[in-house]
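See structure below.
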Amino acid sequence: MNHPPHETMPTMSEPADAGSRPGRERELASLYATARALTALGDVEDVLGSIVRHAHDLIGTDFTYLSLLGDDGSLSITASEGTISATFRSARIPPHTGLGGKVVDTRAAHWVEHYFEGGRLRHDPGFDAVVGGEGLVALLGVPLLVRDRVIGALFAAHRSRRRFRTDEIALLSAFADHAAIALDNARLYEQSRTALAELRTAYRTIEEQMAVMERAQAVHEALTGVVLAGGGPAVVAGEFAGQMGGRVEILDSGGTLLARAGAGDDTSGGPVTAGVVEQARRTGRAVTVPGPDGRRHSAATVRAGDSVLGAVVWSQDQEPSAVDVRSLELASHVVGLLILKDNAVADAAERLSGELLTELIVAGPQVSATQRTRARSRGVDLDALDVVVVAGAEGVSAAGLVRHLHPIARQEAGLAGEHLGQAVLIAPAARPEAFAQAVHQRLRAEYGRPVTVVCERVTGHDWARAVSRAAGCTAVVRHLGARDLGTTTDRFALYALAFDADRRDELDRFLADTIGPLLDYDARRSTDLVATLDAYFGNDGNLRRTAETLRVHLNTLLKRLDRTADVLGHDWRAADDLPLRLAIRLECLRRVVVLPSTERR
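Residue numbering for the sequence shown follows numbering that gives the first Met the number 0, beginning at 0 and increasing consecutively.
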């Protein structure tokens with residue numbers, strides 16, 4: 000795939016509609032059907048007309064047109080769909096001008112909400128007059144790339160102001176990749192046919208060339224058919240290996256093997272595979288290297304804009320021909336469509352999982368029939384969801400953690416999502432502590448850094464209370480210095496007064512009876528005698544270390560401790576200080592749980 004979507008104005012693209020899953024599936028189905036239709040060899044004019052017609056139906060704009068790049072760097076409109084004037088169809092866009100010039104110069108997708116307000120565009124008075132006369136306002140353009148060379152651009156336009164969504168840009172970019180391949184194939188076919196007519200003496204050579212091209216086209220059409228039939232990576236790898244021979248491996252963006260097919264030692268190409276994939280990633284082209292096993296290992300990366308989605312590796316005995324390499328590149332485009340489709344389905348499923356999780360937490364113990372139906376459609380039994388897990392890790396966002404909780408939720412027939420800034424998993428678990436440790440180990444392996452996982456039992460569908468207790472316990476655990484563990488709230492029952500909302504009144508009474516005068520004094524005087532005592536107890540009563548911790552002079556510390564005795568009304572240093580120690584610790588923990596991002600003086 001290619002072309003990251005770029006805006007030419009400093010505005011953000013609208014997010015895809017959260018409820019548009021059927022629409023996105025229809026768009027993907029249309030994209031695959033269109034790609035398949037373009038795979039047949041034909042006249043350039045027929046292919047050009049087919050491209051704009053299908054793109055127009057795919058995106059649904061007022062009109063769509065395709066411009067090819069001339070030798071002088073200008074763009075000329077060669078095909079269009081929708082009602083546009085003859086003047087606009089005959090217009091030429093000077094080099095480096097307008098949105099088309101920006102698309103060609105940057106080799107990337109760009110769009111404007113309003114053409115004449117695109118301050119970063121270079122305008123040409125003559126072309127601006129044509130644009131104004133046509134009533135063109137919003138415009139999206141994507142490049143047509145063939146073998147790393149821009150041959151033109153495909154545009155979708157509106158006569159009213161609008162923003163183009165990210166999914167629209169990605170969809171048109173994906174279609175442009177296939178359109179460029181089909182257009183290039185059509186051009187090659189016409190060139191070969193003309194050469195056949197002009198050079199009859201070279202008929203045999205040209206016939207062989209056409210046969211090879213048809214082989215590459217047959218491979219592409221076969222792989223596209225596999226995707227349209229719903230085949231996954233294993234089926235695509237098997238089809239490619241069956242057509243081309245050798246061994247085929249499909250890897251994801253992290254280098255994990257998704258599928259392998261064909262003949263060859265499964266382990267022989269390991270280090271070589273990693274090396275050739277890295278070269279292909281670095282160069283952006285298909286690369287072939289010899290391996291110690293005597294085979295040739297070729298790799299082509301699967302791309303969507305600047306993002307690398309994976310790679311296709313082909314290992315066989317002979318040096319690949321140019322057409323073989325072309326077939327491998329075509330296969331990488333097909334795999335790109337497959338991965339994008341799978342990602343879109345997974346994203347939609349994860350979004351629905353998070354939405355249902357939030358509904359269950361917010362709605363409380365009462366579960367509606369609609370929620371049960373939605374859960375059953377995902378293979379989830381709400382009555383079996385008896386534990387809540389809250390996960391956290393320094394330097395990792397809640398959304399990042401949730402992405403790794405979703406596979407666990409699918410595996411365990413549970414739900415995952417983000418709730419009030421926390422990464423939450425609701426699942427069935429017969430042994431909560433073992434489950435918490437398993438989730439911790441999995442996240443720890445994914446990130447390679449400390450992760451905190453706290454699990455709480457759910458009673459009577461009261462997921463909200465369980466989430467509150469688990470989240471509060473997580474804050475307490477981290478404040479106590481634990482950064483890397485999987486545990487349950489039961490392990491920290493001693494501190495439950497600080498994180499259990501149901502015991503808040505009990506905690507308030509204990510603190511009022513024990514250190515109430517200190518809390519009142521700190522509140523009135525804007526001091527923090529509580530923090531002074533916390534540091535004092537934390538340093539086992541060592542005055543010098545306590546002063547260093549608080550960064551105050553020793554005399555200042557002594558005055559604070561004397562003032563504490565005056566406020567409490569007794570010499571706490573000469574009495575049993577266990578209740579005082581416990582009250583100070585619980586007050587500090589309460590501040591962490593209630594105000595996790597606030598520092599008190």
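Beta carbons are placed, not taken as given, at the ideal position from N, Cα and C, and that holds for glycine. None of the values given here were measured: they were computed from a predicted structure.
Inset, instruction - Under the assumption that L424 contacts T513 (Cβ atoms under 8 Å), give the Cβ distance between them as a whole number of angstroms. - result: Sequence index remark: in the sequence shown, residue 424 carries index 425 (1-based). Sequence index remark: in the sequence shown, residue 513 carries index 514 (1-based). Going by Cβ atoms, the distance from L424 to T513 rounds to 37 Å, so no, they are not a contact pair.
Inset, instruction - Taking all protein chains shown into account, decide if L57 is buried (16 or more other Cβ within 10 angstroms of its Cβ) or exposed. - result: Along the sequence shown, one-based indexing puts residue 57 at 58. The residue is buried, with at least 16 neighbouring Cβ atoms inside 10 Å.
Legend entry - Span separating the alpha-carbon of E120 from that of K101: For the purposes of this step, residue 120 is taken as residue 121 along the sequence shown, with counting starting at 1. For the purposes of this step, residue 101 is taken as residue 102 along the sequence shown, with counting starting at 1. What sits at residue 120 in the sequence shown is Leu, not Glu. Spanning the two alpha carbons is a distance of roughly 7 Å.
Legend entry - Sufficient close CB pairs (3 or more, under 8 Å) joining the segment 251–262 to the segment 307–316: Enough Cβ pairs lie closer than 8 Å, so yes.
Inset, instruction - Let me know the secondary structure DSSP gives G447 once reduced to three states. - result: Looking up residue 447 in the sequence shown gives position 448. Of the three classes helix, strand and coil, the one that applies to G447 here is coil, per DSSP.
Inset, instruction - Ignoring anything shorter than 3 residues or poking outside the segment 360–440, list the beta strand (DSSP E) runs there in chain order. - result: Complete beta strand (DSSP E) runs here, min 3: 386–391, 414–418, 421–426.
Legend entry - G485 (DSSP reduced to helix, strand or coil): Sequence index remark: in the sequence shown, residue 485 carries index 486 (1-based). Correct three-state label for G485: strand.
Legend entry - Where I76 sits in the DSSP three-state scheme: Counted from its first residue, the sequence shown places residue 76 at position 77. DSSP places I76 in strand when its eight states are reduced to three.
Legend entry - Cβ contact check for the segment 78–85 and the segment 44–57: 3 or more pairs under 8 Å: yes
Inset, instruction - Let me know the secondary structure DSSP gives H332 once reduced to three states. - result: Within the sequence shown, residue 332 is the residue found at index 333, counting from 1. Helix.
Legend entry - Whole-angstrom distance between S297 and A285, CA atom to CA atom: Position 286 of the sequence shown, counted from the start, is the residue given in the question as residue 285. Position 298 of the sequence shown, counted from the start, is the residue given in the question as residue 297. Whole-angstrom Cα-Cα distance: 7 Å.
Inset, instruction - Excluding the 5 residues preceding and the 5 following P645 in the sequence, name in chain order all residues of the same chain whose CB lies nearer than 7 Å to its CB. - result: What the structure shows of the chain is the stretch from 0 to 600, and residue 645 is not part of that stretch, so it cannot be assessed.
Legend entry - CB contact flag (S326, M243, <8 Å): On the sequence shown, residue 326 is found 327 positions in, with the first residue counted as 1. On the sequence shown, residue 243 is found 244 positions in, with the first residue counted as 1. Yes; because the gap between Cβ atoms is below 8 Å, this pair is in contact.
Inset, instruction - Would you mind giving the Cβ-Cβ distance between H460 and V366, rounded to the nearest angstrom? I have them listed as a contact below 8 Å. - result: Looking up residue 460 in the sequence shown gives position 461. Looking up residue 366 in the sequence shown gives position 367. Confirmed, Cβ separation roughly 6 Å.
Inset, instruction - Report all residues from its chain with a CB closer than 6 Å to the CB of L400; omit the five preceding and five following residues, and keep chain order. - result: For this step, residue 400 is matched to residue 401 along the sequence shown. Answer for L400: A390, A422, listed in chain order.
Inset, instruction - Could you pull out every residue in the same chain whose Cβ sits closer than 7 Å to the Cβ of W462, ignoring the five residues on either side in sequence? - result: On the sequence shown, residue 462 is found 463 positions in, with the first residue counted as 1. Closer than 7 Å at the Cβ level, and outside the excluded window around W462, lie L359, I360, V387, I425.
Inset, instruction - Specify, as a first and last residue, the run of the beta strand (DSSP E) that Q315 falls within. - result: Taking the first residue of the sequence shown as position 1, residue 315 is located at position 316. Q315 -> beta strand (DSSP E) spans 306–315.
Inset, instruction - Compute the Euclidean distance between the alpha carbons of V103 and E116, then round it to the nearest angstrom. - result: Numbered from its first residue, the sequence shown carries residue 103 at position 104. Numbered from its first residue, the sequence shown carries residue 116 at position 117. Near 20 Å, if we compare the C-alpha coordinates of E116 and V103.
Inset, instruction - Report the three-state DSSP secondary structure of T82 (helix, strand or coil). - result: On the sequence shown, residue 82 is found 83 positions in, with the first residue counted as 1. For T82, the secondary structure class from DSSP, reduced to helix, strand or coil, is coil.
Inset, instruction - Can you tell me which of the three DSSP states G268 falls into? - result: Sequence index remark: in the sequence shown, residue 268 carries index 269 (1-based). Residue confidence is low: G268 scores 48 on pLDDT, short of 50, so the model does not pin down where it sits. Its coordinate-derived value is still stated next. In the structure shown, G268 sits in coil (DSSP, three-state: anything other than H, G, I, E or B).
Legend entry - Of the listed residues T287, V288, Y446, R584, nearest to L404 (C-alpha basis): Indexing the sequence shown from 1 puts residue 404 at position 405. The option with the nearest alpha carbon to L404 is Y446.
Inset, instruction - Taking only the alpha-carbon atoms, compute the straight-line gap between G515 and V475 and give it to the nearest angstrom. - result: Within the sequence shown, the letter at position 516 stands for residue 515. Within the sequence shown, the letter at position 476 stands for residue 475. Those two C-alpha atoms are separated by around 22 Å.
Legend entry - Range covered by the alpha helix (DSSP H) that runs through T563: In the sequence shown, the residue the question calls residue 563 occupies position 564. Where T563 is concerned, the enclosing alpha helix (DSSP H) stretches over 553–567.
Inset, instruction - Pull up the CB-CB distance for A582 and F509, whole angstroms please, since I reckon it's below 8 Å. - result: Within the sequence shown, the letter at position 583 stands for residue 582. Within the sequence shown, the letter at position 510 stands for residue 509. So it is a contact: roughly 7 Å between Cβ atoms.
Legend entry - Nearest-angstrom Cα separation, counted from D61 out to R158: As a working note, residue 158 is residue 159 in the sequence shown. As a working note, residue 61 is residue 62 in the sequence shown. Distance from the CA of R158 to the CA of D61, rounded to the nearest whole angstrom, comes to 7 Å.
Inset, instruction - Flag R281 as yes when its Cβ comes closer than 7 Å to any non-hydrogen atom of the ligand NAD, and as no otherwise. - result: Within the structure as shown, the ligand NAD is missing, as the structure has no ligands at all.
Legend entry - Where R580 sits in the DSSP three-state scheme: As a working note, residue 580 is residue 581 in the sequence shown. Three-state result, R580: helix.
Inset, instruction - Using the Cα positions of T266 and L442, report the straight-line distance between them to the nearest angstrom. - result: Translated into positions along the sequence shown, residue 266 becomes position 267. Translated into positions along the sequence shown, residue 442 becomes position 443. Confidence at T266 is low in this model, with a pLDDT of 47, below 50, so the placement of that residue is unreliable and no value is reported for it.
Inset, instruction - Using 10 angstroms around the beta-carbon of R448, count the other beta-carbons present and answer buried if the total reaches 16, otherwise exposed. - result: Here residue 448 corresponds to residue number 449 of the sequence shown, with the count starting at 1. Exposed is the call here.
Inset, instruction - Confirm, please, whether the CB-CB distance from V129 to F87 is below 8 Å. - result: The residue labelled residue 87 in the question sits at position 88 within the sequence shown. The residue labelled residue 129 in the question sits at position 130 within the sequence shown. Cβ distance < 8 Å, so F87 and V129 count as in contact.
Legend entry - Assigned secondary structure, V457 (DSSP; H/G/I helix, E/B strand, else coil): The residue you call residue 457 lines up with position 458 of the sequence shown. DSSP places V457 in coil when its eight states are reduced to three.
Inset, instruction - Out of N541, A534, L542, state which residue places its alpha-carbon closest to the alpha-carbon of R584. - result: For the purposes of this step, residue 584 is taken as the residue at position 585 of the sequence shown. The shortest C-alpha separation from R584 is found at A534.
Legend entry - Inter-residue CB distance, V235 and V333 (contact presumed, cutoff 8 Å): The residue you call residue 235 lines up with position 236 of the sequence shown. The residue you call residue 333 lines up with position 334 of the sequence shown. Their Cβ separation, rounded to whole angstroms, is 7 Å, which keeps V235 and V333 in contact under 8 Å.
Legend entry - Backbone CA spacing between R503 and L336 [nearest angstrom]: Within the sequence shown, residue 503 is the residue found at index 504, counting from 1. Within the sequence shown, residue 336 is the residue found at index 337, counting from 1. Between the C-alpha atoms of R503 and L336 there is a straight-line separation of about 54 Å.
Legend entry - Terminal residues of the alpha helix (DSSP H) in which P124 lies: Counting from 1 along the sequence shown, the entry for residue 124 is found at position 125. Element bounds for P124: 124–133.
Legend entry - Residue from G151, L138, H53, L65 with nearest C-alpha to E71: In the sequence shown, the residue the question calls residue 71 occupies position 72. With the sequence shown as reference, residue 71 is identified as Asp, and Glu is not the correct amino acid for it. Minimum Cα distance to D71 is reached at G151.
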